[in-house]
Amino acid sequence: MAIDALWGVSCPDEDIWNDAFPFEEKKEYFFAFLQRLLEDGKIKLASRGKFLEGSVAEQIALYRERFPKNQEEMDADAFDGFWFLTEECPGCIVWIHDSGYEDWT
Numbered sequence: 000m001a002i003d004a005l006w007g008v009s010c011p012d013e014d015i016w017n018d019a020f021p022f023e024e025k026k027e028y029f030f031a032f033l034q035r036l037l038e039d040g041k042i043k044l045a046s047r048g049k050f051l052e053g054s055v056a057e058q059i060a061l062y063r064e065r066f067p068k069n070q071e072e073m074d075a076d077a078f079d080g081f082w083f084l085t086e087e088c089p090g091c092i093v094w095i096h097d098s099g100y101e102d103w104t
């Protein structure tokens with residue numbers, strides 16, 4: 000699952016399928032989910048083949064700083080989640096398997 004897919008499922012219920020969930024609330028679910036995955040060691044964040052530096056809190060702060068302010072910025076004139084494919088996005092997800100294998104997305 001790539002980071003844009005994680006954004007796509009950042010909703011607590013069926014509202015995910017009808018766009019009824021407000022952007023600001025979806026953003027908070029996304030950051031909580033991202034933080035949990037980082038703290039549990041399930042993922043790392045990376046950009047251009049290198050892991051992001053800093054603590055989990057610092058990496059989340061970097062994401063918050065650069066994150067779109069509204070749904071229109073997230074769409075980037077393309078589709079929901081397109082922002083994750085732009086240079087503005089600080090990094091992608093690398094899934095860390097129990098064996099230590101790194102699955103770069």
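Sequential numbering from 0 applies to the sequence shown in numbering that gives the first Met the number 0. No residue lacks a Cβ here, since even glycine has one placed at the ideal position from N, Cα and C.
Member of E27, W103, A1 whose CA lies at the smallest distance from the CA of S9 | Position 10 of the sequence shown, counted from the start, is the residue given in the question as residue 9. Out of E27, W103, A1, E27 has the C-alpha closest to the C-alpha of S9.
In the DSSP assignment, find the unbroken alpha helix (DSSP H) run with D102 in it and report its ends.
-> Counting from one through the sequence shown, the residue named residue 102 turns up at place 103. Not the alpha helix (DSSP H): D102 falls in the beta strand (DSSP E), residues 101 to 103.
How about I92 and A31: do their beta carbons lie closer than 8 Å?
-> Working through the sequence shown from its first residue, we reach residue 92 at position 93. Working through the sequence shown from its first residue, we reach residue 31 at position 32. Going by C-beta atoms, I92 is not nearer than 8 Å to A31.
Determine the closest residue to F29 out of A45, G53, G48, P67, with distance taken between C-alpha atoms.
-> If you number the sequence shown from 1, residue 29 lands on position 30. It is P67 whose Cα lies nearest to the Cα of F29.
Within this structure, are the beta carbons of G90 and D3 separated by less than 8 Å?
-> Counting from 1 along the sequence shown, the entry for residue 90 is found at position 91. Counting from 1 along the sequence shown, the entry for residue 3 is found at position 4. No, they are not a contact pair.
Answer yes or no: do L37 and A45 have a C-beta to C-beta separation smaller than 8 Å?
-> For the purposes of this step, residue 37 is taken as residue 38 along the sequence shown, with counting starting at 1. For the purposes of this step, residue 45 is taken as residue 46 along the sequence shown, with counting starting at 1. Not in contact: L37 and A45 (Cβ atoms no closer than 8 Å).
Where do the ends of the alpha helix (DSSP H) carrying W25 lie?
-> For the purposes of this step, residue 25 is taken as residue 26 along the sequence shown, with counting starting at 1. As written in the sequence, residue 25 is Lys, which differs from the Trp given in the question. Unbroken alpha helix (DSSP H) run through K25: 22 to 38.
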